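Undergrad: Number 127 in the working numbering belongs to position 145 of the sequence shown; there are no gaps in the numbering.
Note that the Cβ used here is the ideal one computed from N, Cα and C, for glycine as well.
Source: prediction; values computed, not measured.
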Amino acid sequence: MSDHTVLHVSGRVLVGPDDVTDELWVVGGRITYERPAGVRDTVTVRGWALPGLVDAHCHVGLDAHGPVPAATAEKQALTDREAGALLIRDAGSPSDTRWMDDREDLPRIIRAGRHIARTRRYIRNYAHEIEPADLVAYVAQEARRGDGWVKLVGDWIDRDAGDLTACWPRDAVRAAIAEAHRLGARVTAHCFAEDALRDLVEAGIDCVEHATGLTEDTVPLFAERGVAIVPTLVNIATFPRLADGGESKFPRWSAHMRRLHARRYDTVRAAYDAGVPVFVGTDAGGSLPHGLVADEVAELVTAGIPPVEALSATTWGARRWLGRPGLTEGAPADLVVYETDPRADVRVLAVPRRVVLRGRIVG
């Protein structure tokens, strides 16, 4: 496609879950629902169109050992793009990926800066590892570096306790979240277990990643405060393997991880039923490969979330939550086209017919 080519998307355009139209055009990289006059050079794509998918927990520029070279980060982003994930919330990375913002062929990234963890309480080479007295300063630093988000590590294994425990005192968390909000950033936290959740929510946190430790006591609190969760169920599937690996050294932790895994679907469904906002995230870039966004949507459906709501968690609702447009008049043309109606069967997300990024067909 040249810069002068008009793209015509014909079939069914899912502007919203119940807002369906027959066609749209892309002119100069932007969406319009008015047929352009006098156009000669037109490319037509037919099928069911959705806004570009959102992976709201992804790590571009990171692998299991820490930062990766730019060429590897590029491959990660291209893999996500091929899967239809055109908007990524990068939930913590030590790599500087700002150079990607100038690439018209790569997904858009909303960064949360680098993880902030307690000393020796997270994966090596990932995070700023600090003590509570420095938490406010580091949150301020990452709030300025990120794109409106900061990422805390809320709990991790405590080797002395032999199990997951909260990483931060309540007062330190409250002061740090207040500082992030003062600087215009939202705060999210990695949390597997139960103990840290109440303090984080009552301190004003905006989102919790994984949230496997939600219980009947904390689900209503999340719902009341409007705190979102990103369950990353494709990552939680690895818990039994992790538990097996730690069994001999940390048997309490291993048993805890197995319990959290066993009730993962019930946990997510209970949160959804209570009105907790749920969004799609894969946790790609650590031990998991990129390009798993369709798998995560399918996992949410398996957990009992209605298919249209699971779709919204990676399209209309997710974009609204992150402050990014969907298929609206004048919006950048980031969309994915499928053979059949994804509302009828979300598994079609795994096989995009066409991927359109910034108005160009890229896949």
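Straight-line CA distance for Ser(-8) to Pro51?
TA: Distance between the alpha carbons of Ser(-8) and Pro51 is about 40 Å.
Undergrad: Might you give, ordered along the chain, the residues of its own chain that have their beta carbon closer than 6 Å to the beta carbon of Ala185, omitting 5 neighbours on each side?
TA: So the qualifying residues of the chain are Val155, Arg156, Ile159.
Undergrad: Along the chain, where does the alpha helix (DSSP H) containing Ala252 start, and where does it finish?
TA: Its alpha helix (DSSP H) spans residues 246 to 255.
Undergrad: Just to confirm, are Leu69 and Val36 a CB contact at a threshold of 8 Å?
TA: Yes.
Undergrad: Going by DSSP, which residues form a beta bridge with Leu(-11)?
TA: BP columns for Leu(-11) point to Val8, Val25.
Undergrad: Buried or exposed, going by whether 16 or more other CB atoms sit within 10 Å of the CB of Val333?
TA: It counts as exposed.
Undergrad: Taking the beta strand (DSSP E) that Ile420 belongs to, which residues open and close that run?
TA: Past the edges of the chain, shown from -17 to 345, lies residue 420, and the structure says nothing about it.
Undergrad: Within 10 angstroms of its Cβ, does His272 collect 16 or more other Cβ (buried), or is it exposed?
TA: His272 is buried by the Cβ-count criterion.
Undergrad: Please state the DSSP three-state secondary structure of His110.
TA: His110: strand per DSSP, three-state reduction.
Undergrad: Does any heavy atom of the ligand ZN sit closer than 7 Å to the C-beta of Val319?
TA: Among the ligands in the structure shown, none appear at all, so the ligand ZN cannot be discussed.
Undergrad: For the stretch 316 to 341, which segments carrying the beta strand (DSSP E) assignment without a break, of at least 3 residues, lie completely within its bounds, in sequence order?
TA: Runs found: 317 to 320, 336 to 339.
Undergrad: Per DSSP, Thr3 is paired with what?
TA: Paired residues: Val(-5).
Undergrad: Since Gly403 and Ala53 should fall inside the 8 Å C-beta cutoff, what is the C-beta to C-beta distance between them, to a whole number of angstroms?
TA: The structure shown does not extend to residue 403, since the chain is modelled only from -17 to 345, so the question has no answer here.
Undergrad: Could you tell me the alpha carbon to alpha carbon distance between Ala38 and Arg245, rounded to whole angstroms?
TA: Roughly 22 Å between the two C-alpha positions.
Undergrad: Assuming Glu191 and Val212 are in contact, meaning their beta carbons sit under 8 Å apart, how far apart are those beta carbons, in whole angstroms?
TA: The Cβ separation is near 5 Å, so the contact holds.
Undergrad: Does the count of Cβ pairs from the stretch 81 to 95 and the stretch 291 to 300 closer than 8 Å reach three?
TA: Segments in contact, no.
Undergrad: By a C-beta neighbour count over all protein chains shown, 10 Å radius and 16 as the cutoff for buried, is Gly195 buried or exposed?
TA: The residue in question, Gly195, is buried, as its Cβ has 16 or more Cβ neighbours within 10 Å.
Undergrad: If you reduce the DSSP assignment to three classes, tell me which class Glu281 lands in.
TA: Of the three classes helix, strand and coil, the one that applies to Glu281 here is helix, per DSSP.
Undergrad: The beta strand (DSSP E) spanning Arg152 covers which residue range?
TA: That residue, Arg152, is in no beta strand (DSSP E); its alpha helix (DSSP H) goes 152 to 164.
Undergrad: For Cys189 and Gly29, I'd like the C-alpha separation in whole angstroms.
TA: Computed Cα separation, rounded: 34 Å.
Undergrad: Taking 8 Å as the limit between beta carbons, can you name the residues of its chain near Gly166, skipping five residues before and five after?
TA: For Gly166, where only same-chain residues beyond five positions count, the Cβ hits under 8 Å are Ala125, Gly130.
Undergrad: Could you tell me whether the Cβ atoms of Ala99 and Val135 are closer together than 8 Å?
TA: Yes, these two residues count as a Cβ contact at 8 Å.
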